[in-house]
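Reading through the structure tokens given below for one structure.
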Amino acid sequence: MRLIIFIYLYLSFFKIITNLGMPIMTVILSFICGLVMHRRQRWFLIAIVLINTIGNHYFKYLFQRPRPTLPHLVTAGGYSFPSGHAVAITTFILALQIIIKQNTKKRLSLYLLDLIAILVILSRIVLQVHFPSDVLAGTILASANTLLFKDLVFDNQSTTSDS
1 MRLIIFIYLY LSFFKIITNL GMPIMTVILS FICGLVMHRR QRWFLIAIVL
51 INTIGNHYFK YLFQRPRPTL PHLVTAGGYS FPSGHAVAIT TFILALQIII
101 KQNTKKRLSL YLLDLIAILV ILSRIVLQVH FPSDVLAGTI LASANTLLFK
151 DLVFDNQSTT SDS
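In structure tokens form, the structure reads like this:
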């Protein structure tokens, strides 16, 4: 009986945490977070989340990889590769970390953001809606694009003087 309760709680946790990586959720959170940011930081966050979210749809249709044939523990539609949740949460968290590093040296907040991203990415595999390669590709794609975009936006420019 304890095992059944543990498995139920374990799966319930991942069903909740996976929602943080929904692309629409990260877009909404970007707009909300942007309300308290300097102008350049705000537009960096919103733009890269939108760019990577839209770009991910093109990759899905390019590769058209079907989802795992295992029974899904949550509803998931569309193609599997690359993982939209992995792209969305990686982009959002990495962009936030870039902005936080510009404003503070508080490492704890950076580690907590890492933990959230890892849990969301892991949830997609645990819930059997993605192959590990789907989330790995989504994470790499989002990280590379976000870091390249960061260099374009913040290269040799002060962000604290923007309002």
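Be aware that the sequence shown starts at 1, since it is given in this note's numbering, and climbs by one per residue. Glycine included, every Cβ here is placed at the ideal spot set by N, Cα and C. Values in this document were obtained by computation on a predicted structure and should not be read as measured data.
Asked                                                                                                                                                                                   : Found
Can you say whether isoleucine 98 is buried or exposed, counting buried as having 16 or more other CB atoms within 10 angstroms of its CB?                                              : buried
In angstroms, rounded to a whole number, what distance separates the CA positions of threonine 69 and threonine 75?                                                                     : 13 Å
Return the chain-ordered ranges of every alpha helix (DSSP H) run that is complete within the stretch 53-135 and spans a minimum of 4 residues.                                         : 84-103 and 107-126
Tell me the rounded alpha-carbon separation between isoleucine 16 and aspartate 151.                                                                                                    : 34 Å
Who are the Cβ neighbours of leucine 9 in its own chain at under 7 Å, not counting the five residues just before and after it?                                                          : none
Could you check whether the stretch 106-123 touches the stretch 13-29, counting it as contact only if at least three pairs of C-beta atoms, one from each stretch, sit closer than 8 Å? : yes
Quick one: grab the DSSP three-state call for aspartate 162.                                                                                                                            : The predicted position of aspartate 162 is uncertain, since its pLDDT is 48 and thus under 50; a value taken from the coordinates is nonetheless stated next. Looking at aspartate 162 - three-state DSSP - the assignment turns out to be coil, as it is neither helix nor strand.
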